[in-house]
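Structure first, commentary second.
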Amino acid sequence: MGCNIDIKKRKGCSVGKNLKLNTYEDIVQNYLQYHKKNTDDEREFYSSLPDVISLIRYAGSAKTYKNKRHSHQYRLKQVALNAATLKLNTLPICDCKDFQELHQLLCDELLPICGIGPLMVYDTAVRIGFYFGFEPEYVYLHAGTKEGAKNLGFNTSRDKIHISEFPEDFQVLKPNELEDCLCIYKTHLTRNYGVNN
1 MGCNIDIKKR
11 KGCSVGKNLK
21 LNTYEDIVQN
31 YLQYHKKNTD
41 DEREFYSSLP
51 DVISLIRYAG
61 SAKTYKNKRH
71 SHQYRLKQVA
81 LNAATLKLNT
91 LPICDCKDFQ
101 ELHQLLCDEL
111 LPICGIGPLM
121 VYDTAVRIGF
131 YFGFEPEYVY
141 LHAGTKEGAK
151 NLGFNTSRDK
161 IHISEFPEDF
171 QVLKPNELED
181 CLCIYKTHLT
191 RNYGVNN
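Using full-length UniProt numbering, you'd call the opening residue of the sequence shown number 1 and step up by one each time.
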């Protein structure tokens, strides 16, 4: 059964609390219908950039395919984004062999920058990963994603969860899509049969 709802344009990672979703499958279908396109558009944009210089400029500035700052990073100060971009220019990102190696490199080098947190590091790794064809194998926990995972009953003291540990309905999503889904629908998730209504 589909959801007959009007999804308002979201700010950050949330949807209305009055959204009626009865099962995990409802959440996944709602995500696929209303939010996956943003991820697909970002993947296409970053994978088609002409060179690494452009990649670093866009990723360090947290720009979307619409050339606007991503809603996840809209509160970050420009000075932090500038520092992140400068640091990215010095890193051997082309030497990374997979997403996990890239993510670890960015954690080590960007997290010490004042104003840069785990969400910015993860999002930057995903954007750079799109360019190099890297996809996460795990769902990384930070901010709203951690809250969504906790609502599903996961121990969130760890920093990532393999997609195979999630209920089967969620396993149709790629890990970065599931990360997004957990954040968007965090207030709707429960560890029981379905969702909070």
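Where a beta carbon is used, it is the ideal one built from N, C-alpha and C, also for glycine.
For clarity, every value in this text was computed on a predicted model and none was experimentally measured.
Report the three-state DSSP secondary structure of residue i (helix, strand or coil).
i      : result
ARG69  : strand
PHE56  : Looking at the sequence provided, one finds Ile at residue 56 rather than Phe. Helix.
HIS35  : coil
LEU141 : coil
LEU189 : strand
ILE184 : helix
LYS63  : strand
LEU49  : coil
ARG43  : helix
PHE166 : coil
GLU177 : helix
TYR24  : helix
LEU81  : helix
GLN86  : With the sequence shown as reference, residue 86 is identified as Leu, and Gln is not the correct amino acid for it. Helix, per DSSP.
Look at the alpha carbon of residue i and the alpha carbon of residue j, and state the distance between them as a whole number of angstroms.
i      : j      : result
GLU42  : ASN155 : 30 Å
ALA125 : THR64  : 14 Å
GLU179 : LYS37  : 15 Å
ILE56  : ASN67  : 14 Å
ASP6   : CYS107 : Low local confidence applies: a pLDDT of 32 at ASP6 is under 50, so the model's placement there is unreliable, and no value is given.
THR145 : CYS183 : 4 Å
GLN33  : ASP26  : 10 Å
CYS96  : GLN29  : 34 Å
LEU111 : CYS94  : 20 Å
HIS35  : HIS72  : 14 Å
ARG75  : ASP169 : 33 Å
PHE132 : ARG69  : 21 Å
CYS114 : LEU189 : 32 Å
GLU137 : VAL79  : 32 Å
THR90  : TYR31  : 37 Å
PHE99  : TYR140 : 11 Å
ASN128 : GLU44  : Note that residue 128 is Ile in the sequence shown here, rather than Asn. Taking the straight line from one Cα to the other gives about 12 Å.
Tell me residue i's beta-bridge partners as DSSP assigns them.
i      : result
ILE161 : VAL139
Which whole runs of the beta strand (DSSP E) in the stretch 88-156 are 3 residues long or more, in chain order? 138-140
Between the stretch 136-145 and the stretch 102-122, are three or more C-beta pairs nearer than 8 Å? yes
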